[in-house]
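A quick write-up on the structure given underneath.
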Amino acid sequence: MKIFKRGFTLVELLIIIVIITILAVAGLAFFGNFNKSVKIQRGKGDVNAIARAMEVKYNSGTNQYQAVSESDFASGSLPKAPIDAHYIAAFSSDMSGFRVCANLSDTTTCLSSSCYCFCVSSAQGSFNEVSPIIFYENP
């Protein structure tokens with residue numbers, strides 16, 4: 000009589016489960032860093048877009064900037080910050096300069112560049128950090 004062996008042994012099943020677990024952990028580690036990189040690049044792109052819109056609003060006669068509005072963007076609205084990030088834009092007290100920042104972490108509001116804070120300052124004017132006027136904050 001011939002006895003046919005069908006199915007997998009317990010050892011074979013455990014080896015397959017271990018291999019799948021290792022691949023899943025490696026995949027999560029790779030895509031977790033990828034998601035963070037995408038958030039940082041989106042934040043930098045949005046800050047640059049807000050800064051360009053503000054540069055267009057510069058009045059060379061008065062040497063002052065004007066606040067941007069939703070109609071200044073192709074999407075019809077101000078850029079929205081990704082989850083766990085926020086944007087802040089501020090004018091100098093005399094409106095002669097601005098700084099736009101993306102805080103890409105859960106830390107407090109930032110108005111200067113750091114490892115988790117990307118900022119762009121006005122090109123035609125100068126931003127004075129003494130008593131800035133915050134006109135846009137997107138938590």
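In numbering that gives the first Met the number 0, the protein residues as written are 0 to 138. Cβ atoms here follow ideal geometry from the backbone N, Cα and C, with glycine treated the same way.
Annotated three-state conformation of V119 is strand, per DSSP.
According to DSSP, F72 shares a beta bridge with no other residue.
For the pair M94 and E128, the Cα-to-Cα distance works out to about 12 Å. Under the 10 Å beta carbon count, G124 is surrounded by 16 or more other beta carbons and is classified as buried.
Contact annotation: G42 and A88 have beta-carbon atoms that are not nearer than 8 Å.
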